[in-house]
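Read in order, the letters of the sequence shown are residues 224 to 410 in our numbering.
Glycine included, C-beta positions come from ideal geometry on N, C-alpha and C.
One structure is given here, and the rest of the page talks about it.
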Amino acid sequence: MKTLQLKAVKRADFGKKAAKAFRREGLVPCMIYGGGEEIAFTVDAKEVKPLIYTPNSYIVELDIDGKVEKAVMREVQFHPVREQILHIDFYRVQEGKPVAIAVPVRLSGTAEGVKVGGKLALSARKLTVKALVDQLPDEVVVDVTPLKVGQTIFVGDLKMEGVSFVTPATTAVCAVRVTRASRSNQQ
């Protein structure tokens, strides 16, 4: 899995007033949880954009005043009107413990149903997987070649070595929908 480095500074001030002051300076208040002490810190809003505005998932290496912490992004809070980032929660990654993270889905191949006029529809853009840090995939690749018109691939149908799916097995990943063209080709 790809990693992204961020420089961070510990913060001592808490509360609404302090958070507003940080945001005025172009900083985003953050917290890191799990496996030890909780640390409150700030990061530059410009440095965080490659982490948030991308379909990819990353392991984040936070350099908090010289101490490096590995983490995954858990939650991002946005301002309801202005696309401003208000707060980010990170979860600490520990060696030997599995991590749950949302990973993008990529479809590969050409479905049989599409060749006869069906329409391929992606239902789940991301799936939550759980694995050790060194076994986390960058993406879940789904081969759609055997799909016929009206068939669906579910999370339960997917298998990856060393990775378990947290997303429910009954969740549809992709399907070939029936279209007028596919109906006329079947007759």
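Unbroken alpha helix (DSSP H) run spanning residue i, endpoints
{"i": "residue 252", "result": "Not the alpha helix (DSSP H): residue 252 falls in the beta strand (DSSP E), residues 250 to 256."}
{"i": "residue 239", "result": "239 to 247"}
{"i": "residue 270", "result": "268 to 275"}
{"i": "residue 338", "result": "335 to 338"}
When the options are compared against residue i, the one with the closest alpha-carbon
{"i": "residue 288", "options": "232, 259 and 306", "result": "232"}
{"i": "residue 276", "options": "301, 320, 256 and 261", "result": "301"}
{"i": "residue 317", "options": "290, 356, 341 and 332", "result": "356"}
{"i": "residue 369", "options": "332, 257 and 377", "result": "332"}
{"i": "residue 310", "options": "239, 385 and 226", "result": "239"}
Beta strand (DSSP E) segment containing residue i, residue limits
{"i": "residue 313", "result": "308 to 315"}
{"i": "residue 328", "result": "322 to 331"}
{"i": "residue 392", "result": "Run containing residue 392: none; DSSP gives neither H nor E here."}
{"i": "residue 296", "result": "290 to 301"}
{"i": "residue 283", "result": "282 to 287"}
Coarse secondary structure for residue i, derived from DSSP in three states
{"i": "residue 353", "result": "strand"}
{"i": "residue 228", "result": "strand"}
{"i": "residue 345", "result": "strand"}
{"i": "residue 358", "result": "helix"}
{"i": "residue 380", "result": "helix"}
{"i": "residue 403", "result": "helix"}
{"i": "residue 371", "result": "coil"}
{"i": "residue 235", "result": "coil"}
{"i": "residue 363", "result": "strand"}
{"i": "residue 304", "result": "coil"}
Euclidean distance between Cα positions of residue i and residue j
{"i": "residue 286", "j": "residue 243", "result": "23 Å"}
{"i": "residue 348", "j": "residue 328", "result": "5 Å"}
{"i": "residue 380", "j": "residue 312", "result": "32 Å"}
{"i": "residue 267", "j": "residue 400", "result": "45 Å"}
{"i": "residue 422", "j": "residue 337", "result": "Given a span of 224 to 410 for the chain in the structure shown, any question on residue 422 remains unanswerable."}
{"i": "residue 282", "j": "residue 346", "result": "25 Å"}
{"i": "residue 234", "j": "residue 246", "result": "13 Å"}
{"i": "residue 366", "j": "residue 343", "result": "12 Å"}
{"i": "residue 230", "j": "residue 250", "result": "11 Å"}
{"i": "residue 265", "j": "residue 315", "result": "16 Å"}
{"i": "residue 271", "j": "residue 284", "result": "12 Å"}
{"i": "residue 296", "j": "residue 305", "result": "21 Å"}
{"i": "residue 253", "j": "residue 325", "result": "20 Å"}
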